[in-house]
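For reference, the structure is listed below as structure tokens.
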Amino acid sequence: MAYENHSIQRPTYFKITDFTYVFQLIVDTYGVPTYLEANPALISIVTFPFFFGMMFGDMGHGSIVLMFGLFLTLFNDRLKGSALQMLLPFRYLVLLMGIMATYAGFIYNEFFAIPTNIFDSCYSLKDREQWNPSEEEGKIVGTFVYLRKSIDCNYPAGQDPVWGLTSNRLTFVNGVKMKMSVIFAIVHMSIGIVIKGTNTIYNSQYLEFFTEVCVGLFILLGLFGWMDLLIIAKWFKEFDLEDTSPAVQSKRYFNTDSEVDVNQAPDIAGDENNRKMPSIINILINTVFGFGAHDAETEAGTYPLIGSSLDQQYGIAVALLVIVVIFIPIMLLTKPCLRGSSGGDDDEHDEIEFTDINRAEQEMQQNLLQPRIQQDSIGSKEEDQKTVTEQMMLKREYEMKSLQKQLRDMGTKEHSHSFGELFIHQMIETIEFVLGTVSNTASYLRLWALSLAHGQLAETFLDLTFAMTFGAKNLGTTVVLGFFLWPAFWSITFGVLIMMDQLECFLHTLRLHWVEFQNKFFKGEGYAFKPYSYEATLGSVLEE
């Protein structure tokens, strides 16, 4: 008897290697992918080490993690049976995390919290000019500024080391890391929505594709994708400070915090009117709460980041906001209205489909319970044996029918629901998604927060150890302080930054993938395929 038509949920099986094992384990810990559902482990191979590197970015600390990962990978066979054996399945993850942490540290230009001048800086580190003390802008940069060697000079990769010598370095670095976190947040969540689209198309759920995937993607990009576009457009604008004092009219200096409204910049076209830098926060506030209204006098002379004028920029922003507001009720009402009128056809179909099974079950039970009347009291042995055989066959057939019914009851066939049930479910989904676009985006700011905490801890430990050693007035004091403080520095670096902070960054990366990313598409309601094994079965019996 074949059982191909029963609706029991099928197990999920993925072919994994030593490299993909740990990433699949991370996903399965949250929930095993449902049968034929897209596997989040594939994209996590790239994003998990990358987000960890953003939070743990430091060339020195990342190199330590990288070398430990190389050690586990190269000496995998020799380490089996040792105390490090439990870490061997995670060796490739540690290796990738070390690579990305080193790369992020290269972009941040931090080596144990010390800026490195790998490439030649675009600013003269020896010559300093006093900023125009009569101008209000002097309060932003400080008393002195470093001169740019060439107007067209740009540091080849990462952060220019001159920022490590400025008093407003932290403000600048925080602005860059915060914007990077928001950009990667929208990219990561958009990938999750696209994966949901592939699931719906593969399962022929075209209504969900248009009402949830397409609409949800536009809501996300219309709200925060627009903000990312403004950030990127602002990065491409030239906003160099220019000293307005008569003595140094032609000198150009590096930019400071791009969000300070009082900061003045020359016009891109080269006219004599100085223009203020646009504030992205103000643009978003005016768009959402003021519906595009802005004070023309306050923003007079401000650069438009998108379009040719501020009115055109706010017009695009308001149009996107209106479309987002229109799409929210579409996501809420379309699916319940189209699906809620189907009635109970599926339930009726299931009733008809299994009527013959229930009828056969009753017949088998009656045949087993009804005593057989012997027509001939002097029956032969062959007739008695035939009767017993028939009874055994009927019993076995009854058991098989009962098993088939149990398999049917274990199935996961979806039944139709009323309009009210669908509406409540869709309302919860819509509220969760719309509010989640805000909360999930804010949650990705942990990429910036953890990176800030890591950098500040490393800098604090450096100042309390190495800086005190080299700041001593005589050689004897330097030797004594170095004898005690240098081992303390490496102990703190290993114990706090390498061990504790690495674990913290790992857990926050795990949270971003489990919650912010996977809730866009992942159900995780499956169960792993486990082939029958006599060894495992006998082992469990013996243990009992």
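The sequence shown begins at 953 in our numbering and counts up one residue at a time.
A virtual CB, placed ideally from N, CA and C, is assigned to each residue, including glycine.
Cα-Cα separation, residue i to residue j
i            : j            : result
residue 1376 : residue 1394 : 27 Å
residue 1126 : residue 1400 : 7 Å
residue 1287 : residue 1385 : 15 Å
residue 1140 : residue 1469 : 7 Å
residue 1442 : residue 1138 : 38 Å
residue 1026 : residue 1047 : 11 Å
residue 1183 : residue 1158 : 34 Å
residue 1489 : residue 963  : 19 Å
residue 1450 : residue 1462 : 18 Å
residue 1486 : residue 1480 : 18 Å
residue 1422 : residue 1436 : 13 Å
residue 1275 : residue 1237 : 18 Å
residue 1464 : residue 1440 : 34 Å
residue 978  : residue 1185 : 36 Å
residue 1147 : residue 1077 : 49 Å
residue 1258 : residue 1265 : 5 Å
residue 1154 : residue 1133 : 32 Å
residue 1283 : residue 1164 : 6 Å
residue 1411 : residue 1059 : 17 Å
residue 1418 : residue 1110 : 25 Å
residue 1008 : residue 1291 : 48 Å
residue 1162 : residue 1145 : 12 Å
residue 1483 : residue 1175 : 48 Å
residue 992  : residue 1378 : 24 Å
residue 1188 : residue 1156 : 42 Å
residue 1178 : residue 1429 : 57 Å
residue 1299 : residue 1372 : Its pLDDT being 44, under 50, residue 1299 is placed unreliably in this model, and the coordinates cannot settle the point.
residue 1180 : residue 1495 : 58 Å
residue 1456 : residue 1034 : 26 Å
residue 1208 : residue 1235 : The pLDDT assigned to residue 1208 is 39, lower than 50, so where the model puts this residue is not dependable; a value taken from the coordinates is nonetheless given after this. Each residue's Cα considered, the two are about 20 Å apart.
residue 1374 : residue 1383 : 14 Å
Own chain partners of residue i with C-beta closer than 6 Å, once the 5 adjacent residues on each side are dropped
i            : result
residue 924  : Given that the chain is displayed from residue 953 to residue 1496, the structure contains no residue 924 and the question cannot be resolved.
residue 968  : 976
residue 1050 : 1014, 1017, 1018 and 1021
residue 1130 : 1400
residue 1404 : none
residue 1240 : none
residue 965  : 1481
residue 971  : 1044
residue 1104 : none
Residues of its chain near residue i, where Cβ-Cβ distance is below 7 Å and the 5 sequence neighbours each way are ignored
i            : result
residue 1068 : 1061 and 1113
residue 1028 : 1040 and 1043
residue 1003 : 1399, 1461 and 1464
residue 973  : 1041
residue 1106 : 1074
residue 1445 : 1413
residue 1101 : 1074, 1075 and 1076
residue 1397 : 1130 and 1133
residue 995  : 1143
residue 1408 : none
residue 1492 : none
DSSP bridge partner residues for residue i (one or two, in chain order)
i            : result
residue 1063 : 1066
residue 1266 : Partner(s): none; residue 1266 has no beta bridge.
residue 1486 : Paired residue(s): none; residue 1486 is not in a bridge.
residue 1075 : 1100
residue 1480 : 964
Close Cβ partners of residue i (< 8 Å) along its chain, the five nearest in sequence each way excluded
i            : result
residue 1452 : none
residue 983  : 1474, 1475, 1476, 1477 and 1478
residue 1108 : 1071
residue 1243 : 1270 and 1273
residue 1001 : 1045, 1048, 1049, 1051 and 1052
residue 1152 : 1158, 1160, 1161, 1164 and 1165
residue 1222 : The predicted position of residue 1222 is uncertain, since its pLDDT is 34 and thus under 50; a value taken from the coordinates is nonetheless stated next. Correct list: empty, nothing qualifies.
Any non-hydrogen atom of the ligand MG within 7 Å of residue i CB
i            : result
residue 1146 : Among the components modelled here there is no ligand, and therefore nothing to report on the ligand MG.
Secondary structure, alpha helix (DSSP H): runs of 4+ residues fully inside the region 962–1022: Those alpha helix (DSSP H) runs which fall completely within the region 962–1022 and span 4+ residues are 973–982 and 993–1007.
message: For the pair the region 1010–1025 and the region 1050–1057, tell me if three or more CB-CB distances fall below 8 Å.
response: Look at the beta carbons and you see the region 1010–1025 touching the region 1050–1057: at least three pairs across the two are nearer than 8 Å.
query: Does the region 987–1004 touch the region 1115–1125, meaning 3 or more C-beta pairs lie closer than 8 Å?
result: No contact exists between the region 1115–1125 and the region 987–1004.
- request: Please determine if the region 1271–1283 and the region 1157–1171 are in contact, where contact requires at least 3 C-beta pairs separated by less than 8 Å.
  value: They touch, by the three-pair rule.
query: Which ranges does the beta strand (DSSP E) cover as unbroken runs of at least 3 residues, wholly within the region 1120–1182, from first to last along the chain?
result: Listed in chain order, nothing qualifies, since the region 1120–1182 has no complete beta strand (DSSP E) run of 3 or more residues.
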